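The sequence shown maps to residues 7 to 216 in our numbering.
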Amino acid sequence: PVPLGKVASTLQEVKTAAAELGGRCVVKAQIHAGGRGKAGGVKLASSPEEAVEKASEILGKNLVTHQTGPEGRQVKRVLVEQSVNIERELYLGMVLDRAQSRVTAICSSEGGVEIEEVAARHPEKILKVAIDPAVGLQPFQCRRLAFALGVPQELIGKLVAMMLALYRAFDDCDCAIAEINPLIITKEGQVMALDAKMSFDGNALFRHQD
Numbered sequence: 007p008v009p010l011g012k013v014a015s016t017l018q019e020v021k022t023a024a025a026e027l028g029g030r031c032v033v034k035a036q037i038h039a040g041g042r043g044k045a046g047g048v049k050l051a052s053s054p055e056e057a058v059e060k061a062s063e064i065l066g067k068n069l070v071t072h073q074t075g076p077e078g079r080q081v082k083r084v085l086v087e088q089s090v091n092i093e094r095e096l097y098l099g100m101v102l103d104r105a106q107s108r109v110t111a112i113c114s115s116e117g118g119v120e121i122e123e124v125a126a127r128h129p130e131k132i133l134k135v136a137i138d139p140a141v142g143l144q145p146f147q148c149r150r151l152a153f154a155l156g157v158p159q160e161l162i163g164k165l166v167a168m169m170l171a172l173y174r175a176f177d178d179c180d181c182a183i184a185e186i187n188p189l190i191i192t193k194e195g196q197v198m199a200l201d202a203k204m205s206f207d208g209n210a211l212f213r214h215q216d
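So this is what it looks like as structure tokens:
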């Protein structure tokens, strides 16, 4: 589950998309780099007019984050996304653990922050489960992670479904990494992927002409 959203490359498209989403929205710069929020590439708006104003501060500009280098990346598109009521932010990732030669599920209660920063400052908040390639990620492993994150009982099933879906995506697409940050729990009790990053194993691209 993800928030509703539309990609826009002009201010008119931004205005139309914001109006369709009810006015209250988030404008996100679309560049291949993390740290966009800290660099001013993610802005909240409460009306279509304000969305246009915020988008004009981003579109066509160079966004410099810790992952772009000092030259930055030009923003040619923005994502105009539905605004949601966030109760909690979590981190969920599937990565290849080269030490164990296995895909590993990584979770943290510290969502919305770079996971490297959490690992450096609060290693105890990083939860890991190695996945047996013969059977894949199992529901009992997901439940164990969900309980360790302190997720309310009634939302355990939704979080388990999210974890299993992310693992399927990682496996089917031959990913090198697939992470949801933040994975949010809304005040209405929904579990959603608010932002994500995926990269793919170049050696497997011949299997994915799409």
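Using N, Cα and C, we set each Cβ at its ideal position, and we do this for glycine too. Please read all numbers here as calculations on a predicted model, not as lab measurements.
Close Cβ partners of residue i (< 6 Å) along its chain, the five nearest in sequence each way excluded
{"i": "R94", "result": "I191"}
{"i": "Q80", "result": "N68"}
Start-to-end residues for the alpha helix (DSSP H) that takes in residue i
{"i": "D177", "result": "162 to 178"}
{"i": "V58", "result": "54 to 62"}
{"i": "Q18", "result": "17 to 26"}
{"i": "D123", "result": "Note that residue 123 is Glu in the sequence shown here, rather than Asp. Unbroken alpha helix (DSSP H) run through E123: 121 to 127."}
{"i": "Q147", "result": "145 to 154"}
Bridge partners - residue i, DSSP secondary structure assignment
{"i": "I186", "result": "L98, A202"}
{"i": "S114", "result": "Y97, I132"}
{"i": "A35", "result": "V84"}
{"i": "L211", "result": "According to DSSP, L211 bridges with nothing at all."}
Rounded distance between the beta-carbons of residue j and residue i, thought under 8 Å
{"i": "L170", "j": "L98", "result": "That belief does not hold up - the Cβ atoms of L170 and L98 are roughly 11 Å apart, past 8 Å."}
{"i": "L189", "j": "A182", "result": "Between A182 and L189 the Cβ distance is about 19 Å, and since that is not below 8 Å, they are no contact."}
{"i": "M204", "j": "A184", "result": "5 Å"}
{"i": "R108", "j": "P139", "result": "7 Å"}
{"i": "T74", "j": "A39", "result": "5 Å"}
{"i": "A45", "j": "V70", "result": "6 Å"}
Endpoints, beta strand (DSSP E) assigned at residue i
{"i": "L133", "result": "132 to 136"}
{"i": "V48", "result": "48 to 51"}
{"i": "K193", "result": "Neither: K193 is in no beta strand (DSSP E) and is coded neither H nor E."}
{"i": "K12", "result": "11 to 14"}
Spatial neighbours of residue i in its chain, beta-carbon cut-off 7 Å, leaving aside the 5 residues before and after
{"i": "V180", "result": "Note that residue 180 corresponds to Asp in the displayed sequence, not to Val. If we look at D180 and ignore the five residues flanking it on each side, its Cβ neighbours are F206, D207, A210, R213, H214."}
{"i": "A136", "result": "D103, Q106, R108, T110"}
{"i": "L143", "result": "A111, I137, M169, L170, Y173"}
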